[in-house]
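In the working numbering, the protein residues as written are 3 to 160.
Reading through the C-alpha coordinates given below for one structure.
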Amino acid sequence: MRKQLIASLVLACTVGLAGPRVAAAQEARADATPDMATMQRQLFRGHAVLAVRIQRLVGMGLLCRVLSDEDAQLIQANAEETADYERSRLSQEDREWAEAYLEGLQDGAFRAADLSRDISPACERFAAPGGDLVKILTWTDRPQEIAPGIRASPRTLP
3 MRKQLIASLV LACTVGLAGP RVAAAQEARA DATPDMATMQ RQLFRGHAVL AVRIQRLVGM
63 GLLCRVLSDE DAQLIQANAE ETADYERSRL SQEDREWAEA YLEGLQDGAF RAADLSRDIS
123 PACERFAAPG GDLVKILTWT DRPQEIAPGI RASPRTLP
(Lines of atoms letter the chains of each structure in order from A and count residues from 1; the text may use other names and numbers.)
(Lines give C-alpha, C1' and ligand atoms only; values in the text may rest on other atoms or scores of the structure.)
Protein backbone atom coordinates (compact mmCIF):
# COMPACT_ATOMS: atom_id res chain seq x y z
CA MET A 1 0.00 0.00 0.00
CA ARG A 2 2.77 2.42 0.94
CA LYS A 3 4.68 1.61 -2.29
CA GLN A 4 1.55 2.38 -4.34
CA LEU A 5 1.12 5.69 -2.55
CA ILE A 6 4.75 6.67 -3.17
CA ALA A 7 4.51 5.60 -6.83
CA SER A 8 1.33 7.67 -7.25
CA LEU A 9 3.00 10.68 -5.66
CA VAL A 10 6.07 10.36 -7.90
CA LEU A 11 3.85 10.02 -10.98
CA ALA A 12 1.79 13.07 -9.99
CA CYS A 13 4.92 15.15 -9.45
CA THR A 14 6.40 14.02 -12.78
CA VAL A 15 3.20 14.84 -14.68
CA GLY A 16 2.95 18.15 -12.83
CA LEU A 17 6.45 19.16 -13.91
CA ALA A 18 5.94 18.16 -17.53
CA GLY A 19 2.48 19.71 -17.76
CA PRO A 20 3.52 23.38 -18.09
CA ARG A 21 6.13 22.55 -20.75
CA VAL A 22 3.64 20.57 -22.82
CA ALA A 23 0.99 23.26 -22.42
CA ALA A 24 3.44 26.00 -23.51
CA ALA A 25 4.44 24.02 -26.60
CA GLN A 26 0.80 23.42 -27.54
CA GLU A 27 -0.02 27.09 -26.98
CA ALA A 28 2.88 28.22 -29.19
CA ARG A 29 1.65 25.96 -32.01
CA ALA A 30 -1.95 27.10 -31.56
CA ASP A 31 -0.98 30.80 -31.62
CA ALA A 32 0.49 30.35 -35.08
CA THR A 33 -2.83 29.38 -36.69
CA PRO A 34 -5.09 32.03 -38.24
CA ASP A 35 -8.14 30.57 -36.47
CA MET A 36 -6.46 30.98 -33.11
CA ALA A 37 -5.53 34.59 -33.88
CA THR A 38 -9.15 35.29 -34.81
CA MET A 39 -10.37 33.65 -31.62
CA GLN A 40 -7.91 35.65 -29.52
CA ARG A 41 -9.14 38.90 -31.12
CA GLN A 42 -12.72 37.88 -30.28
CA LEU A 43 -11.73 37.11 -26.69
CA PHE A 44 -10.08 40.50 -26.44
CA ARG A 45 -13.19 42.21 -27.84
CA GLY A 46 -15.35 40.58 -25.17
CA HIS A 47 -13.03 41.55 -22.34
CA ALA A 48 -12.63 45.08 -23.71
CA VAL A 49 -16.41 45.56 -23.85
CA LEU A 50 -16.70 44.26 -20.28
CA ALA A 51 -13.90 46.57 -19.07
CA VAL A 52 -15.57 49.62 -20.65
CA ARG A 53 -18.97 48.63 -19.25
CA ILE A 54 -17.46 48.32 -15.78
CA GLN A 55 -15.70 51.66 -16.28
CA ARG A 56 -19.06 53.31 -17.04
CA LEU A 57 -20.70 51.64 -14.03
CA VAL A 58 -17.86 52.76 -11.77
CA GLY A 59 -18.43 56.30 -13.04
CA MET A 60 -22.12 55.93 -12.24
CA GLY A 61 -21.32 54.67 -8.75
CA LEU A 62 -19.05 57.65 -8.11
CA LEU A 63 -21.62 60.06 -9.53
CA CYS A 64 -24.34 58.57 -7.32
CA ARG A 65 -21.93 58.67 -4.36
CA VAL A 66 -22.51 55.04 -3.47
CA LEU A 67 -19.01 53.83 -4.39
CA SER A 68 -15.81 54.84 -2.63
CA ASP A 69 -12.79 56.05 -4.60
CA GLU A 70 -10.78 53.13 -3.23
CA ASP A 71 -13.33 50.56 -4.42
CA ALA A 72 -13.64 52.33 -7.77
CA GLN A 73 -9.89 52.11 -8.35
CA LEU A 74 -9.77 48.45 -7.32
CA ILE A 75 -12.73 47.48 -9.52
CA GLN A 76 -11.28 49.33 -12.50
CA ALA A 77 -7.83 47.77 -12.00
CA ASN A 78 -9.29 44.26 -11.85
CA ALA A 79 -11.40 44.81 -14.98
CA GLU A 80 -8.44 46.27 -16.90
CA GLU A 81 -6.26 43.36 -15.79
CA THR A 82 -8.41 40.86 -17.66
CA ALA A 83 -8.43 42.97 -20.84
CA ASP A 84 -4.66 43.53 -20.55
CA TYR A 85 -4.08 39.79 -20.25
CA GLU A 86 -6.06 39.09 -23.40
CA ARG A 87 -4.25 41.93 -25.19
CA SER A 88 -0.89 40.43 -24.17
CA ARG A 89 -1.82 37.18 -25.91
CA LEU A 90 -2.26 38.97 -29.26
CA SER A 91 0.43 39.37 -31.90
CA GLN A 92 2.24 42.72 -31.99
CA GLU A 93 0.19 44.06 -34.92
CA ASP A 94 -3.02 42.90 -33.24
CA ARG A 95 -1.97 44.68 -30.03
CA GLU A 96 -1.92 47.97 -31.94
CA TRP A 97 -5.40 47.17 -33.28
CA ALA A 98 -6.53 46.26 -29.73
CA GLU A 99 -5.45 49.62 -28.32
CA ALA A 100 -7.33 51.47 -31.06
CA TYR A 101 -10.38 49.24 -30.54
CA LEU A 102 -10.40 49.87 -26.78
CA GLU A 103 -9.99 53.61 -27.28
CA GLY A 104 -12.90 53.63 -29.72
CA LEU A 105 -15.09 51.73 -27.28
CA GLN A 106 -14.29 54.17 -24.50
CA ASP A 107 -14.94 57.21 -26.70
CA GLY A 108 -18.28 55.81 -27.84
CA ALA A 109 -19.38 54.72 -24.38
CA PHE A 110 -18.69 58.03 -22.71
CA ARG A 111 -20.00 60.20 -25.52
CA ALA A 112 -23.27 58.27 -25.36
CA ALA A 113 -23.59 58.91 -21.62
CA ASP A 114 -26.09 61.67 -20.86
CA LEU A 115 -25.18 62.99 -17.44
CA SER A 116 -27.23 66.17 -17.77
CA ARG A 117 -30.56 64.52 -16.96
CA ASP A 118 -31.90 63.89 -13.45
CA ILE A 119 -30.00 60.85 -12.23
CA SER A 120 -31.96 60.15 -9.03
CA PRO A 121 -34.04 57.29 -10.51
CA ALA A 122 -30.95 55.86 -12.17
CA CYS A 123 -29.03 55.97 -8.88
CA GLU A 124 -31.88 54.20 -7.09
CA ARG A 125 -31.88 51.39 -9.67
CA PHE A 126 -28.07 51.25 -9.62
CA ALA A 127 -27.87 50.91 -5.83
CA ALA A 128 -30.89 48.60 -5.43
CA PRO A 129 -30.30 45.14 -3.92
CA GLY A 130 -29.05 42.85 -6.69
CA GLY A 131 -28.41 45.87 -8.93
CA ASP A 132 -25.33 46.95 -10.79
CA LEU A 133 -23.61 48.30 -7.66
CA VAL A 134 -23.50 44.85 -6.06
CA LYS A 135 -22.35 43.33 -9.34
CA ILE A 136 -19.41 45.67 -9.79
CA LEU A 137 -18.49 45.41 -6.11
CA THR A 138 -17.83 41.70 -6.72
CA TRP A 139 -14.86 42.93 -8.78
CA THR A 140 -13.22 44.07 -5.52
CA ASP A 141 -12.79 40.34 -4.82
CA ARG A 142 -14.60 40.79 -1.51
CA PRO A 143 -17.79 38.74 -0.87
CA GLN A 144 -21.02 40.58 -1.69
CA GLU A 145 -24.65 39.69 -1.08
CA ILE A 146 -27.27 40.07 -3.81
CA ALA A 147 -29.96 39.76 -1.15
CA PRO A 148 -29.75 39.02 2.57
CA GLY A 149 -28.11 35.61 2.92
CA ILE A 150 -27.52 35.16 -0.85
CA ARG A 151 -23.90 35.62 -1.84
CA ALA A 152 -23.07 36.96 -5.31
CA SER A 153 -20.69 35.06 -7.55
CA PRO A 154 -17.14 36.46 -7.68
CA ARG A 155 -16.64 38.97 -10.50
CA THR A 156 -20.26 38.90 -11.57
CA LEU A 157 -20.86 40.27 -15.06
CA PRO A 158 -22.84 43.50 -14.90
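From the three backbone atoms N, C-alpha and C, an ideal C-beta is built for every residue, glycine too.
Since Ile-148 is in the beta strand (DSSP E), which residue starts that stretch and which ends it? 147-149
Selection from Thr-35, Asp-96, Arg-43 and Cys-66 that minimises the alpha carbon distance to Cys-125: Cys-66
Check whether the segment 71-79 and the segment 34-48 are in contact - that is, three or more C-beta pairs closer than 8 Å. no
Taking only the alpha-carbon atoms, compute the straight-line gap between Ser-90 and Pro-145 and give it to the nearest angstrom. 29 Å
Thr-84: buried (16+ other C-beta within 10 angstroms of its C-beta) or exposed? buried
Completely contained alpha helix (DSSP H) runs for the segment 64-128, where each covers 4 or more residues: 71-90 and 94-114
Which same chain residues, not among the five before or five after Ile-138, have their C-beta less than 7 Å away from its C-beta? Answer for Ile-138: Ile-56, Leu-59, Val-60, Gly-63, Ile-77 and Pro-160, listed in chain order.
Hey, how far is the Cα of Glu-105 from the Cα of Arg-47? 12 Å
Put Arg-153 into one of helix, strand or coil per three-state DSSP. Arg-153: strand per DSSP, three-state reduction.
Determine the closest residue to Thr-140 out of Arg-157, Gly-132 and Arg-97, with distance taken between C-alpha atoms. Cα-wise, what sits closest to Thr-140 is Arg-157.
Please go through the same chain and pick out, in chain order, the residues whose beta-carbon is closer than 6 Å to the beta-carbon of Glu-82, but skip the five residues on each side of it. Ala-53
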